[in-house]
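For what it's worth, numbering that gives the first Met the number 0 labels the leading residue of the sequence shown as 0, then goes sequentially.
Positions of the beta carbon are idealized from the N, C-alpha and C atoms, including for glycine.
Because the structure is a prediction, the values reported are computed rather than measured.
Contents: one structure, followed by commentary.
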Amino acid sequence: MPLRTLGNELAISAIGFGAMGMSEFYGPSDDIASLAVLDEALDLGVTMIDTADLYGRGHNEKLIGRFLSAHKWALSDGRIKIATKCGIERPADEPYRRTINNSRAYIRSCCEASLARLGVECIDLYYIHRVDQMADIVETMGILSELVSEGKIAHIGLCEVSASTLEKANNAYKVTAIQTEYSLWTRDVEREILPKARELEVGFVAYSPLGRGFLTGRITSTDALAEEDFRRSNPRFQSDNLAHNLSLLKTVETVAARHGATLAQIALAWLLAQDEHIVPIPGTRRSSFLRENVAAVEIELTPEDLQELDGSMTPGQVRGARYTAEGMKGLDA
C-alpha cells in the first residue's frame, strides 16, 4: 500500500479505514467479524483507522481498543495510526439529535475517555467532529494545542469546516487534516475548502468516499436495507431521488468496464487522482469489500477517464441533501 502525507507530517496509507459502520447506522454488526476485517486491513497495508466517541456511544472506540490490544507491536512501531473525534453530544433516547459542544471541559473529558477506551497514551489525529458556531475557533485550537503539549494527542484535525474557519484555525495552530464528505456524488468541497486546504498544506480525509454505498451500484432500493439503517431516511436514497441518481452511474459503469474494475474501485481511484494529499476512508464489514477497496490503489485512470467522470456527476445533478435537516445543522458552511 503506498503512503500519503497529511499536513506534510503524518504519513498514512493512501486508503484508510472508516470504522463507524461497525457500531451503528448501517444495521446490525458482529464484533468478532469486525475484528477479523480489521486484522485483514492491517495485513493489506491499511495503517489509518478512523473512529469517533460518537459512534455507538463509545462502542466503536472500545472495539478499536480491542483490536489495538491484540496488535501492540504494530502500535508501538507506529505502523497503526488512530484518528478519533469529539465535540458532539447525543441524548440516549434520540440517536439522531445532536448538540455540538466545544467547551474546554467537554473536549478534555472526551479526550480522556477516548484514550481509556482505545487503550492508548496518545491519539495520533484528534478531530473536532463539528465546530460550535457560538464558540471561538481560536480558543478551541488553544484547548487542542494544550492536549498536544501534554502528549495526549499528536495532531489536530477539524471536520466539516468552511474555508474561512480552517484558515483562522490554522493561523492559531497547525491543522494537520480536515475531514469532510467527498466523492463523485458529493463535490461541494471543490469550490472553497479543498483549494484552501491545498493552499495551507492541510491534508484532506474524505469520508463516505463511496457515497454511503451508492457508488458501488449495489443499492437500487432501500427495501433490502436493515430497518435501523439510516439510509432509509437519507434524502438522496428516497425513491424518486434514488432512481434519478442511479441514472448518473452510467459513466462510472463505462469506465469500470474499460479497466475491468468495479464501480467502487473507480470511485476511489477518481478520489485518489484528485490530489496526492487526499486519503479516502471507506468502511466495510466484509472481507471481500475490503479487498475490493484496497485494490483501487492499483488503478491508474487516464486523463480521458477523469474528464468523463468529472462530467458525470457535477454539483447540482445529484438529487437530495447529504443529510436530513437535523444532520445538516452541524455543517460549517
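Assigned exposure category for K333 - 16 Cβ within 10 Å defines buried = Given a span of 0 to 332 for the chain in the structure shown, any question on residue 333 remains unanswerable.
Starting from A10, follow its DSSP beta bridges and name the residues at the other end.
-> T4
Report the rounded CA-to-CA distance for F236 versus S220, giving the unit in angstroms.
-> 8 Å
Identity of the residues DSSP links to Y126 by a beta bridge = K84, G156
Okay, do the segment 18-35 and the segment 284-292 touch, 3+ Cβ pairs below 8 Å being the bar?
-> yes
Got a sec? Which residues, its chain only, sit under 7 Å from E275 by beta carbon, not counting five neighbours each side?
-> R3
Measure from the alpha carbon of G150 to the alpha carbon of each residue in E166, A176, E111, L157, then state which is nearest.
-> E111
With distances taken from CA atoms, which of T164, E227, I122, S207 is nearest A134?
-> T164
Please classify S182: does DSSP put it in a helix, a strand, or coil?
-> strand
Rounded straight-line distance, which links the Cα of A268 to that of F203 = 15 Å
Once you ignore the five residues that flank I122 on each side, which residues in its own chain have a CB closer than 8 Å to its CB?
-> I81, A82, T83, C110, S113, L114, K151, I152, A153
Sort out for me which residues DSSP pairs P234 with in a bridge.
-> DSSP lists no partner for P234.
Assign M327 to buried or exposed, taking buried as 16 or more other Cβ atoms, counted over all protein chains shown, within 10 Å of its Cβ.
-> exposed
Roughly how many whole angstroms lie between the Cα atoms of F288 and P279?
-> 15 Å
Buried versus exposed, by CB contacts within 10 Å (16 or more), S182 = buried
Rounded to a whole number of angstroms, what is the C-alpha to C-alpha distance between C85 and R257?
-> 42 Å
V174 to G6 span [Cα, whole Å] | 7 Å
Count the other C-beta atoms from every protein chain shown that fall within 10 angstroms of the C-beta of V137, then say buried if there are 16 or more, exposed otherwise.
-> exposed
Going by DSSP, what residues sit across from D49 in a beta bridge?
-> G17, A82
Should V293 and I14 be called a contact, given that it needs their Cβ atoms to be closer than 8 Å?
-> yes
Per-residue DSSP class, three states only, for T250 | helix
Under 7 Å Cβ to Cβ from S33, same chain only, skipping five residues before and after it: list those, please.
-> M21, L62, R284
Supposed close pair G57, R116 - CB separation, criterion 8 Å | 6 Å
When the Cα of Y54 is compared with those of S161, G26, I177, which residue comes out closest?
-> G26
Determine contact between the segment 124-133 and the segment 88-102, defined as no fewer than three beta-carbon pairs at a distance below 8 Å.
-> yes
Do you know offhand how far E191's Cα is from V160's?
-> 10 Å
Which of the three DSSP states, helix, strand or coil, is assigned to I99?
-> strand
Are the segment 34-48 and the segment 297-316 touching, with three or more C-beta to C-beta distances below 8 Å?
-> no
Nearest to S238 (by Cα), restricted to the options R318, A162, Y126, R103 | R318
Could you name the residues that DSSP lists as bridge partners for F203?
-> I177, I277
Put E299 into one of helix, strand or coil per three-state DSSP.
-> coil
Residue span of the alpha helix (DSSP H) that contains K151, given as start and end | Careful: K151 lies outside any alpha helix (DSSP H) and carries neither H nor E.
When DSSP labels each residue in this structure, what does F24 get in the three-state scheme?
-> coil
Buried or exposed (CB count within 10 angstroms, at least 16 for buried), R217 | exposed
CB-CB under 6 Å to V251, same chain, minus the five flanking residues each way: which ones, in chain order?
-> L262, I265
CA-to-CA distance, Y126 to R231, given in whole angstroms | 28 Å
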